[in-house]
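**Student:** Its first residue numbered 28, the sequence shown is counted upward by one per residue in my numbering.
A virtual CB, placed ideally from N, CA and C, is assigned to each residue, including glycine.
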Amino acid sequence: MTTLPLFALTVLIWGTTWIAITFQIGPVDIFVSVFYRFALAGALFLAGLALLGRLRWPATWRFVLAQAFCLFSLNFLCFYQATTLMPSGLVSVIFSLATILNALNARWIFGDTIRARVVLAGVVGAGGLVLMFWEDIAISPDWGVIQGIGWASIGTMLFSLGNMMSRKNTAHGVTPITANAWGMGIGASVLLAVILWRRVEITLPLTPSYLGALFYLSVIGSIAGFTAYLSLVARIGSDRAAYATVLFPVIALMLSSLFEGFVWQPAALVGLAMTMLGNVIMFSDGLMTKLRRPSRA
Numbered sequence: 028m029t030t031l032p033l034f035a036l037t038v039l040i041w042g043t044t045w046i047a048i049t050f051q052i053g054p055v056d057i058f059v060s061v062f063y064r065f066a067l068a069g070a071l072f073l074a075g076l077a078l079l080g081r082l083r084w085p086a087t088w089r090f091v092l093a094q095a096f097c098l099f100s101l102n103f104l105c106f107y108q109a110t111t112l113m114p115s116g117l118v119s120v121i122f123s124l125a126t127i128l129n130a131l132n133a134r135w136i137f138g139d140t141i142r143a144r145v146v147l148a149g150v151v152g153a154g155g156l157v158l159m160f161w162e163d164i165a166i167s168p169d170w171g172v173i174q175g176i177g178w179a180s181i182g183t184m185l186f187s188l189g190n191m192m193s194r195k196n197t198a199h200g201v202t203p204i205t206a207n208a209w210g211m212g213i214g215a216s217v218l219l220a221v222i223l224w225r226r227v228e229i230t231l232p233l234t235p236s237y238l239g240a241l242f243y244l245s246v247i248g249s250i251a252g253f254t255a256y257l258s259l260v261a262r263i264g265s266d267r268a269a270y271a272t273v274l275f276p277v278i279a280l281m282l283s284s285l286f287e288g289f290v291w292q293p294a295a296l297v298g299l300a301m302t303m304l305g306n307v308i309m310f311s312d313g314l315m316t317k318l319r320r321p322s323r324a
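(1) Rounded to the nearest angstrom, what separates ALA13 and ILE164 at their Cα positions?
(2) Checking 8 Å against the spacing of the C-beta atoms, do VAL217 and MET159 come in under that value?
(3) Please tell me whether ALA93 and SER249 are closer than 8 Å, where the distance is taken between their beta carbons.
(4) Verify whether the separation of the beta carbon atoms of TRP45 and GLY116 is less than 8 Å.
(5) Does LEU314 come out as helix, strand or coil in the three-state DSSP assignment?
(6) Buried or exposed for PRO293, please, with buried defined as at least 16 other CB atoms from any protein chain shown within 10 angstroms of its CB.
(7) Can you tell me which of SER167, MET191, ILE176 and VAL118 puts its alpha carbon nearest to the alpha carbon of PHE137?
(8) For GLY264 versus LEU156, is the C-beta distance shorter than 8 Å?
(9) Grab me the residues of ASN102's own chain with a C-beta within less than 6 Å of its C-beta, minus the 5 sequence neighbours each way, in chain order.
(10) Quick one: Cα of THR26 to Cα of GLY175, how far?
(11) In whole angstroms, give me the CA-to-CA distance for LEU280 and PHE289.
(12) Taking all protein chains shown into account, decide if GLY152 is buried (16 or more other Cβ within 10 angstroms of its Cβ) or exposed.
(13) Can you give me the start and stop residues for the alpha helix (DSSP H) that GLY80 sits inside?
(14) In this structure, does DSSP put THR202 in helix, strand or coil?
(15) By Cβ distance, which residues of its chain are closer than 8 Å to ARG323, with the 5 residues on each side in sequence left out?
(16) May I ask which residues mark the beginning and end of the alpha helix (DSSP H) holding ARG134?
(17) One question on the structure: do ILE141 and ALA125 come within less than 8 Å of each other, judged by their Cβ atoms?
(18) Does the Cβ of ARG194 have 16 or more other Cβ atoms within 10 Å, making it buried, or fewer, making it exposed?
(19) What is the C-beta distance between ALA95 and ILE213, in whole angstroms, given that I count them as a contact (C-beta under 8 Å)?
(20) Mapping DSSP to helix, strand and coil, what is ARG323?
(21) For the pair the segment 204–211 and the segment 48–60, tell me if three or more CB-CB distances fall below 8 Å.
(22) Check the C-beta distance from ILE308 over to LEU128 and give it rounded, since I have them as a contact under 8 Å.
(23) Over the uninterrupted alpha helix (DSSP H) stretch that includes TYR256, give me the two end residues.
(24) Following the continuous alpha helix (DSSP H) through ARG89, name the residue where it begins and the one where it ends.
(25) Name the residue from TYR63, PRO232 and TRP84 whose alpha carbon lies nearest to the alpha carbon of THR202.
(26) Distance, Cα to Cα, GLY149 vs LEU233?
Encoded structure:
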């Protein structure tokens with residue numbers, strides 16, 4: 028698959044997973060729901076690769092382990108917790124700032140140059156977020172929403188660090204498919220260990236909505252979504268690939284309006300526009316050229 032369709036697939040899949048998460052909230056403990064998601068995804072991924080004869084032993088494990096913690100366990104505990112406190116579409120807006128965090132973390136870990144547009148993008152994007160949440164923070168403080176913002180922000184930072192680990196894996200010859208398959212299995216094992224330590228009851232809701240969301244999040248959202256996204260990271264870099272997150276909120280907030288009763292206030296519209304503008308500023312120097320470039324794979 029060439030890069031542009033891969034980019035579009037990532038946006039479509041991850042723009043819809045946020046609302047699916049809401050169907051997993053409530054029936055069981057959050058740790059259990061995230062565990063089910065990655066246990067199923069990891070089992071199917073590893074088994075599928077084994078059947079196809081494509082299952083590989085990673086050349087190095089340390090970054091695969093780090094990726095498992097950042098992308099396939101801890102970050103989603105944060106996102107699920109945030110979704111219990113505010114509409115899933117708003118969680119996706121905070122997640123869109125992964126673009127800026129990727130640039131900052133790439134500077135810290137890989138020594139990549141931070142350009143002036145990154146600073147401008149950060150100011151504009153952060154201003155948009157403040158505007159979107161101004162009423163809940165300053166006018167009529169909503170402690171639940173404030174907590175949700177905190178959880179979503181931590182989850183986004185972990186996601187960004189997971190991107191950096193994916194770059195490390197690629198540099199060490201571990202493909203996104205190999206790292207994802209093992210990482211999801213490891214992430215599920217970490218979650219299971221925490222569940223047993225906390226003595227949380229493990230039950231499986233058999234309702235169509237829960238099972239449907241579980242299947243969608245495991246197979247489409249996790250296996251297909253992460254493989255598409257981290258393939259982009261390998262091809263065009265973590266900063267450019269994260270531009271896909273700019274478009275997630277549009278889809279996520281539309282679904283949030285339909286299923287969660289999210290109401291579009293003028294400030295929210297302006298804030299969303301500013302957040303997206305911040306990302307557009309950051310990637311205004313040739314993203315489409317990179318996307319249209321033939322794949323090296």
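**Tutor:** According to the data block:
(1) For the chain, the structure presents residues 28 to 324; residue 13 sits outside this window and is missing.
(2) no
(3) no
(4) yes
(5) Caution is warranted here: a pLDDT of 49 is assigned to LEU314, below 50, making its placement in the model unreliable, and the coordinate value is therefore given only provisionally. Three-state DSSP puts LEU314 in a helix.
(6) exposed
(7) MET191
(8) no
(9) GLY182, LEU185 and PHE186
(10) This structure does not reach residue 26, given that the chain is present from 28 up to 324, and the question cannot be answered.
(11) 8 Å
(12) buried
(13) Run containing GLY80: none; DSSP gives neither H nor E here.
(14) coil
(15) Any answer about ARG323 is weak, because its pLDDT of 46 lies below 50 and its placement is not dependable; what the coordinates show is given next. ARG262.
(16) 125–137
(17) no
(18) buried
(19) 4 Å
(20) In this prediction, ARG323 has a pLDDT of 46, which is less than 50 and means its spatial position is unreliable; what the coordinates show is noted afterwards. Three-state DSSP puts ARG323 in coil, outside helix and strand.
(21) no
(22) The Cβ separation is near 16 Å, so there is no contact.
(23) 252–263
(24) 89–98
(25) TRP84
(26) 44 Å
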